[in-house]
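See structure below.
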Amino acid sequence: MKLNDRKQRLLRSLPGVDHILELTKTIQYFETVPRTVLTRSIRTVVENLRIDILKDHHDITEENLSDPFIIESVKNFTQKTLAPKLLRTINATGVVVHTNLGRSLLAADALENLQVIAGKYSNLEFNLTKGERGSRYSAVEGILCEISGAEAALAVNNNAGAVLLCLETIAKNKKVIISRGELVEIGGSFRIPDVMAKSGGILCEVGTTNRTHLRDYESAIDNNTGLLLKVHQSNYTVVGFSAEVCLKDLVDLGEKYQLPVMEDLGSGTFIDFSKYGLLKEPTVQESVATGADVVTFSGDKLLGGPQAGLIVGKKDIIGQIKKNPITRALRIDKMTLAALESTLRLYRDEDVAIKAIPTLRMLTLPIKQVKKKAQQLKKRLDKIGGSRMQIELVTLTSRAGGGSLPLLELPSLCLEIKMQDLSANAIERFLRHNSPPIIGRIYEDFFVMDLRTIQEDELPLIETAFKRLLEKA
Ligand SMILES: *Cc1c(COP(=O)(O)O)cnc(C)c1O
15 MKLNDRKQRL LRSLPGVDHI LELTKTIQYF ETVPRTVLTR SIRTVVENLR IDILKDHHDI
75 TEENLSDPFI IESVKNFTQK TLAPKLLRTI NATGVVVHTN LGRSLLAADA LENLQVIAGK
135 YSNLEFNLTK GERGSRYSAV EGILCEISGA EAALAVNNNA GAVLLCLETI AKNKKVIISR
195 GELVEIGGSF RIPDVMAKSG GILCEVGTTN RTHLRDYESA IDNNTGLLLK VHQSNYTVVG
255 FSAEVCLKDL VDLGEKYQLP VMEDLGSGTF IDFSKYGLLK EPTVQESVAT GADVVTFSGD
315 KLLGGPQAGL IVGKKDIIGQ IKKNPITRAL RIDKMTLAAL ESTLRLYRDE DVAIKAIPTL
375 RMLTLPIKQV KKKAQQLKKR LDKIGGSRMQ IELVTLTSRA GGGSLPLLEL PSLCLEIKMQ
435 DLSANAIERF LRHNSPPIIG RIYEDFFVMD LRTIQEDELP LIETAFKRLL EKA
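Reading the sequence shown from the start, the letters are residues 15 to 487 in this note's numbering.
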């Protein structure tokens, strides 16, 4: 096919890569751009223009092919390439354990310890008393037992890994009995039936979605049964005509038939949240005291530590788990271990834990204090917004998030923002592209920021972002 004249003319004016590269040598900005990034960027920009011409994009003109225009495109392209991808972000959603925004923030102690252990040599696998090789798991085993009351403990990379590891160790090629109401799917395609299949355990679901009785478990037990499993319905609740078997009854049943009982708590907690006016979540201590052989839970959900999978339970089972080669594949790294140990140490005094661990602090933050932050931010924004921006202080609800406390509605204070000449969507988009990004939500035609999850030192950053918004948009 013959190219039309316009296309041919445009293709002829497209500069070569070497020509552009030569030009960049005279521009200061490009001095700090690594050569490889620069040449790759120029190639991509020129190639994209060629494709646009061939596709007959009508908005391409000779002007778009001029040197200054291409240099500007290359500059933008390198800036995008060189910008870091993982960014500190302001959480204005009110969801405390926000899975997409990094779940839990570490306590100051944990951050400090993390920095030291990561930047220096440590006794990670060295027994200082004996002067010989030691186990990395010993750093947190003692304190996990102390807090939970368990005989033994182990920490791995995350709770999904902990569940897989436990099932593979205890129930490979054996029947695992679980209620139909507990076949949980959490985010990121973690589904109990799939994890079970990967572990080699044979799923044996009993009861119905809404009601499962002890007799359902009992009548499913046979010679090949290896485990009774209870999974906490972390991110949903069955209400109405429903019945589930409590852990105590499962433990008694396990004793009767000499079968181990495992409970996956998901977002495990050491703190009874009902004391703080929140909904009750089962605590790790309760599961241990009730007699579960193994209990698994996350390090970075309600616990407020780093990403980790924690396993506590009876000595012989934990011993078997430690010997499983999969443990090596899921092993916890030293940075996590450092942050985890420091976080766990805070739990020795519950008042200290509530104050020092950000997840706990935000969840239990009195509404009065949320209101104070909201008023401070409103004042700052009113000052810069003038009549262009309409800001209301409203009471809405925050959520715990992280697949925990699904029914919990925490009253919180939010700022609802409306601008005369800008839609809520446009405000949301602008702030999402801010540095640092600010993630809020849209409610009707307002942009909403929930102050429960906004840290005090972030108020000036939000003010600056709105200043930019008012100038640019
Ligand atoms: C969240 C959750 C998991 C997975 O924990 P991660 O720490 O995200 O790996 C497993 N089981 C339940 C019930 C959960 O809620």
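Where is the CB? At the ideal position from N, CA and C, for every residue including glycine.
Pairing Leu316 with Thr373 gives a Cβ-Cβ distance under 8 Å. When secondary structure is reduced to three states using DSSP, Leu292 falls in the coil class, being assigned neither helix nor strand. If you draw a straight line from the Cα of Gly327 to the Cα of Gly305, it comes to about 9 Å. With a cutoff of 8 Å on beta-carbon distance, Gly416 and Thr113 are scored as near each other. Closest in C-alpha terms to Glu300, from the list Thr50, Val265, Ser152, Asn78, comes Val265. The DSSP-derived three-state label of Cys260 is coil. When DSSP states are grouped into helix, strand and coil, Tyr457 belongs to the strand group.
According to DSSP, residue pairing for Met463 in a beta bridge involves Leu429. One Cα belongs to Phe444, the other to Leu168, and the distance between them is close to 44 Å.
Rounded to the nearest whole angstrom, the C-alpha separation of Met403 and Asn105 is 21 Å. In the structure shown, the three-state DSSP call for Arg394 is helix. Under DSSP, Phe140 shares a beta bridge with Arg147. Within the chosen limit of 7 Å, ligand 1 does not reach the beta carbon of Asn224 with any heavy atom. Here Cys260 is exposed. Its C-beta has fewer than 16 other C-beta atoms within 10 Å. When the beta-carbon positions are compared, Ser213 and Glu232 stay at least 8 Å from each other. Annotation for His246 indicates a beta carbon within 7 Å of some heavy atom of ligand 1. Non-local beta-carbon contacts of Glu355 in its own chain, meaning distances under 8 Å to residues more than five positions away in sequence, involve Asn127, Ala153, Val154, Ile157 in chain order. In this structure, Gly417 has its beta carbon less than 7 Å from a heavy atom of ligand 1. Residue environment analysis places Asp307 among the buried positions, since at least 16 neighbouring C-beta atoms fall within 10 angstroms of its C-beta.
A straight line joining the alpha-carbon of Lys397 with that of Phe480 spans about 11 Å. In the DSSP assignment, the residues bridged to Asn105 are Ile453. Contact between Asp263 and Leu228 is confirmed by a C-beta separation of about 5 Å, below the 8 Å threshold. Distances taken from the Cβ of Lys315 to the heavy atoms of ligand 1 include one shorter than 7 Å.
In this structure, Ala174 has its CB closer than 7 Å to one or more heavy atoms of ligand 1. Contact between Asp278 and His246 holds, with the beta-carbon distance rounding to 6 Å and staying under 8 Å.
Non-local C-beta neighbours of Asn448 in its own chain, meaning closer than 6 Å and more than five positions away in sequence, comprise Ala479, ordered along the chain.
Setting aside the 5 residues that flank it on each side, Asn137 is surrounded in the same chain by Gly148, each with a C-beta closer than 8 Å to its C-beta; the list follows chain order. Three or more beta-carbon pairs separated by less than 8 Å link the segment 20-32 to the segment 56-64, which places the two stretches in contact.
For Ala414, the uninterrupted beta strand (DSSP E) segment begins and ends at 403-415. Counted as a single uninterrupted DSSP element, the alpha helix (DSSP H) harbouring Leu179 occupies residues 173-185.
By the C-beta density criterion, Gln321 is buried, having at least 16 other C-beta atoms within 10 angstroms.
Relative to Lys188, the option among Asp236, Gly163, Glu196, Glu199 whose CA is nearest is Asp236. Taking every protein chain shown into account, the CB of Ile456 has fewer than 16 other CB atoms within 10 angstroms, so this residue is exposed. Between Phe284 and the set Gly221, Lys385, Leu324, Ile335, the nearest pair of CA atoms involves Leu324. If you check the C-beta of Gly323 against ligand 1, you find a heavy atom less than 7 Å away. According to the DSSP assignment, Thr46 belongs to no beta strand (DSSP E), since it is labelled neither H nor E.
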